[in-house]
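Counting from 1 along the sequence shown, just add 1060 to a position and that's the residue number in my numbering.
Everything below concerns the one structure shown next.
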Amino acid sequence: MPTVRDILPQGGFMNKFDLKSGYHHLLIRPSFQKSLGFSWLGCSYVFRGLLFGLSPAPFTFTKLFRPLLAHWRKQGMGIAVYLDHGLIWGNSARECEDNSAIVRRDLRLAGFTVAEEKSSWLPCQKIV
């Protein structure tokens, strides 16, 4: 299986994004919320969004994200996503910038919030 390093263009540019509380973007059906709650000090709490630790959470989140990923790849973009983390690349800084602008717009339109403090939108040749 190829690694990201294997598919990045030699001398290309990349950047990264991180979704803020990625799982919480997916709401739990109200009829299921009562199964994902707890009581503390006489108050009851329920999770309204997908939570960490729920076994189908990674699969569900990945499945939801697949159409966006397919849309970007159909446009010829270099992009890899693992759960709520993404890596965008291009052969030039300009191509990477253009791809990033499209991804940012599409994420916003799809209702996702980007964790700007964990993201790096400027094209670079090395990401730490």
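Beta carbons: idealized from backbone N, C-alpha and C, even for Gly.
- Query: Exposed or buried, what is residue 1083 when buried is set at 16 or more other beta-carbons lying within 10 Å of its beta-carbon?
  - Reply: Buried.
- Message: If you follow the beta strand (DSSP E) that residue 1075 is in, where does it begin and where does it stop?
- Response: For residue 1075, the uninterrupted beta strand (DSSP E) segment begins and ends at 1073 to 1078.
- Item | Local conformation of residue 1096 per DSSP, three classes | The answer is helix: DSSP assigns residue 1096 an H, G or I state.
- Message: Just to confirm the assignment, what range does the beta strand (DSSP E) spanning residue 1182 have?
- Response: 1180 to 1184 is the extent of the beta strand (DSSP E) around residue 1182.
- Query: Count the other CB atoms within 10 Å of the CB of residue 1101; is the residue buried (16 or more) or exposed (fewer)?
  - Reply: Exposed: under 16 other Cβ atoms inside 10 Å.
- Task: Tell me, please, which residues DSSP counts as bridged to residue 1147.
- Result: DSSP lists 1076, 1140 as partners of residue 1147.
- Classify residue 1113 as helix, strand or coil using the three-state DSSP reduction. The answer is coil: DSSP assigns residue 1113 none of H, G, I, E or B.
- Inter-residue CB distance, residue 1173 and residue 1079 (contact presumed, cutoff 8 Å): Contact holds; Cβ gap of about 7 Å.
- Query: Hey, is the region 1086 to 1103 in contact with the region 1155 to 1166, meaning 3+ C-beta pairs nearer than 8 Å?
  - Reply: Touching, no.
- Item | Residue of 1145, 1136, 1096 minimising C-alpha distance to residue 1178 | Residue 1178 has its Cα closest to that of 1145, out of 1145, 1136, 1096.
- Span of the beta strand (DSSP E) holding residue 1106? Looking at the DSSP string, the run of the beta strand (DSSP E) that includes residue 1106 is 1103 to 1106.
- Which parts of the region 1153 to 1180 are runs of the alpha helix (DSSP H), unbroken and 4 residues or longer, counting only runs that do not cross its ends? Secondary structure within the region 1153 to 1180: the alpha helix (DSSP H) runs of 4 or more consecutive residues, fully enclosed, are 1153 to 1169 (chain order).
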